[in-house]
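**Q** First, the structure itself, so that you have it in front of you.
Residue numbers (the working numbering): 55 to 993.
In structure tokens, the structure reads:
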């Protein structure tokens, strides 16, 4: 038959571009019409077997595959029903449901009755409270949906993307199990069916490598039972669009959500591809299919014939793809990219368009997925890329540690898989290259990504780097291969275990050697996130210092109403953490505490939480080094100092407050340094009742002291749980009304790491020592279930004229503390100007620090007069040691006068060495001094 390329045009607006969508994919574009073909072809086998033989990690993966599959294969050879009867199906005749309807987050209503068993749809939507996966011999055969779990294990959170799905093969456990009724199993049903589909995928891989048809038979039995059932079912809430007048549903085909289809059943078409020839040439000719197996509900006699059976795969595959196209996440956000994963694999498994009566096969659907047209329910690959990824940062506009880097990885992964099938998108768009290497902008020096938004602390994803290295090598592009190999140095290790087995099929045997070392930029900034990253780097990551300062940007997905929040990093760990998401998106701990102000390191005006529907984009007032969206700083005045000042408009339906925060790093030695945090806050449209400074520090315990070092005399008066949103999640250990300075020592309990918090006192203050809810999103397993130590300082009235002034010093893990105390020297009060002195343990060394929200107002402190935002004047005894000026206009002290020639603000650093005053500055300065003066070049 003559190929006819159909031209389908539609115009739609994507950002500022008018996009023309046309069918651009034909069957001739694909590299093969034979099977297998999606990941590998028959011609690839010899080279891959050599890889398994010669590369130790590949051999380990292969051996692990056999260890997981072979114990079940032995059972299946003797009694296939023992295995298949434990899949989660609607087995019972008369209750083989085909239509499923939701109520809230559950699917209680099930109707219809099919000829053959249908796939049991999960009862609940939420991951929390779900039954974990059980070994094969603990699962009830031909069950009614009830699941088993160990008696001593509570229902918890089902990890939807766990790579370890080998629980089915952990046979022979002697621990007692109990039974959980179906309506209490949560997502357990899907998790179990996913494990069976994954077993089929793993068994099909072993069939590919060995040619042993026992593996093909195990895979085929699982697939056929599942696909036969699914082909008789409709998508969840099948009448939703009709009864709602055309509203869009997010319900899936075989899952509550469309996302469930891709998370749980994406490996099914890969297994189908591997055993395609066995299915078409042998399986449906077996007596098992034509005559059935007596007494086995999963294997009745089929009179419909082989072609009918093969058509079940077409029906199921197309229904899943169409569900994504018609109920998908559209252009923005991760929903669409998650769905694309399974839809792409199902589409690539289909045969040519001409093979089907409706003319819709591989080319038709792949074109839809890549080029669209984009609709309200489907975002085409090329349009999703442009609509979401920032051209300046290369970052995806959702919480970076989770959805952000996850979506980036997916887009690269899809591009690579399309390339392996003959459609090369990776060479056409430079944005794909940019986003592949974008995540170091969001890294702490220990390799973990900031936990901003709905996420968990995680290392950098490496699969996109691995695939881009493999792609570059195949393209013989040595330069690009080296570029991505260099980025691999940011990762803690190669992530070689994945449910899709990308490493086995695609990854290079070794990461190419590169001479360059990983280097995190001094500052990183994403205007989309409204997040600033500041780092004071060191050769040893334990000696580095870093902080984040964040709002919650209006264009960010999975943001949290966290107020003006910070994370602090020192001595190799994130010590002041972000909470991340709670148990799930619907749990009380999420909405009442975890995502809101009380769960973060910020200030709550009148105890109020922020409003996620009223985003708070931070306004950067000044910074040194300068922060640039997606770019590195052009110049750095000092290796020992850096600061940022930002304003936040804390507006909710309840109140309007203005806030200002200055965060800085002061390096005191190659191993040591401290943070200065000055936070001003005031309500501008009503009464300033109180402002609460909230600080969390991961750890196993903490103590509070007076400025003299004696225990703070706390009393047993609890924090009013009704005085702030989420405050019921705090447990008060003690409190004290005091206007005096105090110190807190936090103990991480890992690597002998600690944090000291020093805070200046002020009239009208109450200090609370608290335990807060555990942070199960932290990266150290030993701390995830422990209460998080916290301090809340309540300022009665406004906190603008009486800002919170804190100094944080991380120590331990190879470094002794350097700070003896902080205090406010004898000085006059000046509105809008904060003053403090940091006294070092080394005799005679002090840092006099001034910060002003009114830079044109002259401050007067400890013999210096300063106009500007931030300055640090350090003395060793009576002699000036150094001076750092940020956003300054003038500075005067005995022996030194500095003024901006142009009148514009300047940044400068002065260091006195052997009687010579060396300086760097970013503007022309008028300097009058009694010292010999020498200018240094700016780095």
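Cβ atoms here follow ideal geometry from the backbone N, Cα and C, with glycine treated the same way.
Unbroken beta strand (DSSP E) runs of length 3 or more, entirely within the stretch 835-896: which are they?
**A** As far as the stretch 835-896 is concerned, its whole beta strand (DSSP E) runs of at least 3 residues are 842-850, 853-866, 873-877, 887-894.
**Q** Under a three-way DSSP split, which group does residue 533 fall into?
**A** Within the chain shown, the letter at position 479 stands for residue 533. Correct three-state label for residue 533: helix.
**Q** Just grab the DSSP bridge partners of residue 568 for me.
**A** Residue mapping note: residue 568 aligns to position 514 of the chain shown, counting from 1. Looking at the DSSP assignment, residue 568 forms no beta bridge with any residue, so it has no partner.
**Q** Out of 296, 354, 985, 267, state which residue places its alpha-carbon closest to the alpha-carbon of residue 335.
**A** For the purposes of this step, residue 335 is taken as the residue at position 281 of the chain shown. Of 296, 354, 985, 267, the residue nearest in Cα terms is 267.
**Q** Could you check whether residue 966 and residue 938 sit closer than 8 Å to each other, using their CB atoms as the reference points?
**A** Along the chain shown, read from residue 1 onward, the residue named residue 938 stands at position 884. Along the chain shown, read from residue 1 onward, the residue named residue 966 stands at position 912. It is not a contact, given that the beta carbons lie outside the stated cut-off.
**Q** With a 10 Å radius around its C-beta and 16 neighbouring C-beta atoms as the bar for buried, classify residue 769 as buried or exposed.
**A** Counting from 1 along the chain shown, the entry for residue 769 is found at position 715. Residue 769 comes out exposed.
**Q** Mapping DSSP to helix, strand and coil, what is residue 621?
**A** As a working note, residue 621 is residue 567 in the chain shown. Three-state result, residue 621: strand.
**Q** On a Cα-Cα basis, can you pick out the residue from 889, 855, 592, 580 that is closest to residue 693?
**A** Taking the chain shown and counting its residues from 1, the one referred to as residue 693 is at position 639. When each option's Cα is compared against that of residue 693, the closest is 592.
**Q** Does DSSP classify residue 932 as helix, strand or coil?
**A** As a working note, residue 932 is residue 878 in the chain shown. Residue 932: coil per DSSP, three-state reduction.
**Q** Work out the CA separation of residue 583 and residue 976 for me, nearest whole Å.
**A** On the chain shown, position 922 is the one that residue 976 refers to. On the chain shown, position 529 is the one that residue 583 refers to. Their backbone Cα atoms lie some 28 Å apart in a straight line.
**Q** Mind checking residue 632: buried by the 16 CB within 10 Å criterion, or exposed?
**A** Position 578 of the chain shown holds residue 632. The residue in question, residue 632, is buried, as its Cβ has 16 or more Cβ neighbours within 10 Å.
**Q** Counting beta carbon pairs with one atom in the stretch 868-880 and one in the stretch 737-748, are three or more of them shorter than 8 Å?
**A** With the cut-off at 8 Å, the stretch 737-748 and the stretch 868-880 do not touch.
**Q** Take residue 638 and list the residues in its own chain whose beta-carbon comes closer than 6 Å to its own, dropping the five residues that flank it on each side.
**A** Position 584 of the chain shown holds residue 638. Closer than 6 Å at Cβ, skipping near neighbours: 180, 181, 182.
**Q** The beta strand (DSSP E) spanning residue 696 covers which residue range?
**A** Within the chain shown, numbered from 1, the residue matching residue 696 stands at position 642. 695-705 is the extent of the beta strand (DSSP E) around residue 696.
**Q** Can you grab the Cα-Cα spacing for the pair residue 197 / residue 203, in whole Å?
**A** By 1-based counting over the chain shown, the position of residue 197 is 143. By 1-based counting over the chain shown, the position of residue 203 is 149. Looking at the two C-alpha atoms, the distance is approximately 14 Å.
**Q** Quick one: residues in its chain with C-beta nearer than 6 Å to the C-beta of residue 516, no 5 flanking neighbours on either side, listed in chain order?
**A** Mapped onto the chain shown, residue 516 falls at position 462. Cβ within range, chain order: 545, 549.
**Q** Helix, strand or coil for residue 155 per DSSP?
**A** Against the chain shown, residue 155 aligns to sequence position 101. Three-state result, residue 155: strand.
**Q** For residue 959, does the count of other Cβ atoms within 10 angstroms reach 16, so buried, or fall short, so exposed?
**A** The count along the chain shown starts at 1 and reaches residue 959 at position 905. So residue 959 ends up on the buried side.
**Q** Check residue 711 in the structure and name its three-state DSSP category.
**A** Indexing the chain shown from 1 puts residue 711 at position 657. Looking at residue 711 - three-state DSSP - the assignment turns out to be strand.
**Q** Among the residues of its own chain, which have a CB less than 7 Å from the CB of residue 292, if the five just before and after it don't count?
**A** The residue given as residue 292 occupies position 238 in the chain shown. Here the set comprises 153.
**Q** Grouping DSSP H, G and I as helix and E and B as strand, with all else coil, what is residue 393?
**A** Numbered from its first residue, the chain shown carries residue 393 at position 339. Three-state result, residue 393: helix.
**Q** Please report the Cβ distance between residue 394 and residue 441, rounded to the nearest whole angstrom; I am assuming they are in contact, meaning their Cβ atoms lie under 8 Å.
**A** For this step, residue 394 is matched to residue 340 along the chain shown. For this step, residue 441 is matched to residue 387 along the chain shown. That belief does not hold up - the Cβ atoms of residue 394 and residue 441 are roughly 14 Å apart, past 8 Å.
**Q** Measure how close the beta-carbons of residue 373 and residue 289 come, nearest whole angstrom, since I'm counting them as under 8 Å.
**A** Taking the first residue of the chain shown as position 1, residue 373 is located at position 319. Taking the first residue of the chain shown as position 1, residue 289 is located at position 235. Indeed, because the Cβ distance is near 7 Å, the residues count as touching under 8 Å.
**Q** Just tell me which of 736, 527, 576, 989 has its CA closest to the CA of residue 560.
**A** Taking the chain shown and counting its residues from 1, the one referred to as residue 560 is at position 506. Comparing Cα positions, the closest option is 527.
**Q** Where does residue 752 sit, in a helix, a strand or coil, going by DSSP?
**A** Taking the chain shown and counting its residues from 1, one reaches residue 752 at position 698. DSSP places residue 752 in coil when its eight states are reduced to three.
**Q** Put residue 989 into one of helix, strand or coil per three-state DSSP.
**A** By one-based count along the chain shown, residue 989 stands at place 935. If DSSP states are grouped into helix, strand and coil, residue 989 belongs with the strands.
**Q** Helix, strand or coil: which one does DSSP assign to residue 644?
**A** Here the question's residue 644 lines up with position 590 in the chain shown. Reduced to three states, the DSSP call for residue 644 is helix.
**Q** Would the stretch 441-455 count as touching the stretch 406-426 if we require 3 or more Cβ pairs under 8 Å?
**A** Segments in contact, no.
**Q** Starting from the N-terminal side, write out each stretch of the alpha helix (DSSP H) that is 4 residues or longer and does not extend beyond the stretch 412-471.
**A** Segments of the alpha helix (DSSP H) lying fully in the stretch 412-471: 416-425, 435-442.
**Q** Below 8 Å on the Cβ atoms is my guess for residue 799 versus residue 756; work out the distance and round it to an integer in Å.
**A** Mapped onto the chain shown, residue 799 falls at position 745. Mapped onto the chain shown, residue 756 falls at position 702. Rounded, the Cβ-Cβ distance is 6 Å, consistent with contact.
**Q** Would you kindly work out how many angstroms separate the C-alpha atoms of residue 908 and residue 917, rounded to a whole number?
**A** As a working mapping, residue 908 is identified with position 854 in the chain shown. As a working mapping, residue 917 is identified with position 863 in the chain shown. Their backbone Cα atoms lie some 19 Å apart in a straight line.
**Q** Report yes if the CB atom of residue 657 is closer than 8 Å to the CB atom of residue 746, and no otherwise.
**A** Here residue 657 refers to the residue found at position 603 when the chain shown is read from its first residue. Here residue 746 refers to the residue found at position 692 when the chain shown is read from its first residue. Result yes, Cβ atoms of residue 657 and residue 746 sit closer than 8 Å.
**Q** Return yes when the Cβ of residue 418 is within less than 8 Å of the Cβ of residue 407, no when it is not.
**A** In the chain shown, counting from the first residue as 1, residue 407 sits at position 353. In the chain shown, counting from the first residue as 1, residue 418 sits at position 364. Contact: yes.
**Q** Please state if the CB of residue 665 and the CB of residue 608 are separated by a distance shorter than 8 Å.
**A** Locating residue 608 in the chain shown gives position 554, where the first residue counts as 1. Locating residue 665 in the chain shown gives position 611, where the first residue counts as 1. Their beta carbons are not under 8 Å apart, which means residue 608 does not touch residue 665 by this criterion.
**Q** Say whether the stretch 673-686 touches the stretch 766-785, bearing in mind that this needs 3 or more beta-carbon pairs closer than 8 Å, one atom from each stretch.
**A** Contact between the stretch 673-686 and the stretch 766-785 is absent, because fewer than three Cβ pairs lie under 8 Å.
**Q** Tell me the DSSP bridge mates of residue 628?
**A** In the chain shown, residue 628 corresponds to position 574, counting from 1. In DSSP, residue 628 forms a bridge with 623.
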